[in-house]
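I have placed the structure first, in the form of structure tokens, so that the comments after it can refer back to it.
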Amino acid sequence: MAQLEREHGLLARMRASATRSRIAIALALVVAMPLIVLLLAPRPDIGVYPRARLVLEVLLYAVPALLATALALWPLHRAEPSVARAIISGAAVLAAITVASLPPAHADHPASLAGGGDDFVARALGCMMYGIVCAIPAFILLRLLAREGARVGAKAWVLAFAAASCGAAAVFLHCPIVHVGHRWAGHVAVLVVAAVWAALHLHGRARAARPIDR
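Take the position in the sequence shown, starting the count at 1, then add 319; the result is the number in this note's numbering.
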């Protein structure tokens with residue numbers, strides 16, 4: 320709280336806002352990014368993709384993303400639910416793995432059959448980067464709204480997975496490829512990048528907290 324009291328300007332006002340307001344702002348962006356992709360750059364096969372399965376897969380991404388977003392902005396004065404952090408972080412990863420591992424939904428659009436041959440690496444990298452780019456706005460906003468500022472500590476996991484799930488949902492709504500290998504390499508990889516960031520962030524904090532030997 321002392322750090323929050325020392326800050327001034329717009330950033331301080333954002334972090335000093337009521338928790339409900341901060342969570343509402345963050346949730347709005349997490350929902351908005353996939354919706355923007357769906358409206359402006361939807362997957363070409365969306366007309367033939369089984370509707371019930373599409374909704375199910377979007378929900379698998381959305382539920383952990385929304386829960387992780389709320390937990391990332393948990394009030395400083397309340398005890399942090401470490402078990403909930405672990406469960407929600409695991410759920411985000413499991414959801415992405417589940418969506419990627421499901422058998423192809425259809426074979427009725429030529430764009431959906433790409434990404435399994437010589438273009439595998441290029442298309443997988445393209446989707447991974449697309450997902451990361453879509454995750455960055457949510458990641459930045461969550462860092463700005465978190466009252467801990469850059470010192471997010473153990474919340475790094477839920478913060479990273481909230482943004483990554485947002486990005487993975489966006490790339491799912493954009494990419495028509497139904498090949499399982501592509502989804503693992505291009506879509507799940509977005510969460511892998513998030514996990515690497517969280518691990519490095521926590522490692523850096525742990526090193527900074529160690530006493531310096533003289």
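No residue lacks a Cβ here, since even glycine has one placed at the ideal position from N, Cα and C.
Nearest-angstrom beta carbon gap, residue j and residue i [assumed within contact, 8 Å]
{"i": "residue 367", "j": "residue 425", "result": "6 Å"}
{"i": "residue 379", "j": "residue 414", "result": "4 Å"}
{"i": "residue 423", "j": "residue 498", "result": "7 Å"}
{"i": "residue 466", "j": "residue 334", "result": "5 Å"}
{"i": "residue 404", "j": "residue 331", "result": "So it is not a contact: roughly 26 Å between Cβ atoms."}
{"i": "residue 351", "j": "residue 477", "result": "Not a contact, Cβ separation roughly 19 Å."}
{"i": "residue 464", "j": "residue 341", "result": "5 Å"}
Delimiting residues of the alpha helix (DSSP H) encompassing residue i
{"i": "residue 390", "result": "370 to 391"}
{"i": "residue 484", "result": "475 to 493"}
{"i": "residue 462", "result": "439 to 464"}
{"i": "residue 353", "result": "338 to 359"}
{"i": "residue 409", "result": "401 to 420"}
Assigned secondary structure, residue i (DSSP; H/G/I helix, E/B strand, else coil)
{"i": "residue 320", "result": "Unreliable placement is indicated for residue 320, whose pLDDT of 47 sits below 50; no coordinate value is reported for it."}
{"i": "residue 365", "result": "coil"}
{"i": "residue 522", "result": "helix"}
{"i": "residue 501", "result": "helix"}
{"i": "residue 428", "result": "coil"}
{"i": "residue 334", "result": "helix"}
{"i": "residue 472", "result": "helix"}
{"i": "residue 433", "result": "coil"}
Within 8 Å, strictly: CB atoms of residue i and residue j
{"i": "residue 419", "j": "residue 516", "result": "no"}
{"i": "residue 457", "j": "residue 377", "result": "no"}
{"i": "residue 496", "j": "residue 408", "result": "no"}
{"i": "residue 443", "j": "residue 434", "result": "yes"}
{"i": "residue 439", "j": "residue 501", "result": "yes"}
{"i": "residue 384", "j": "residue 481", "result": "yes"}
{"i": "residue 450", "j": "residue 486", "result": "yes"}
{"i": "residue 411", "j": "residue 453", "result": "no"}
{"i": "residue 483", "j": "residue 513", "result": "yes"}
{"i": "residue 475", "j": "residue 520", "result": "yes"}
{"i": "residue 447", "j": "residue 509", "result": "yes"}
Buried/exposed call for residue i, threshold 16 Cβ in 10 Å
{"i": "residue 391", "result": "buried"}
{"i": "residue 322", "result": "Confidence at residue 322 is low in this model, with a pLDDT of 48, below 50, so the placement of that residue should be treated as unreliable; the coordinate-derived value is given next. With fewer than 16 other Cβ atoms within 10 Å, it is exposed."}
{"i": "residue 527", "result": "exposed"}
{"i": "residue 374", "result": "exposed"}
{"i": "residue 540", "result": "Because the chain spans 320 through 533 in this model, residue 540 falls outside it and cannot be assessed."}
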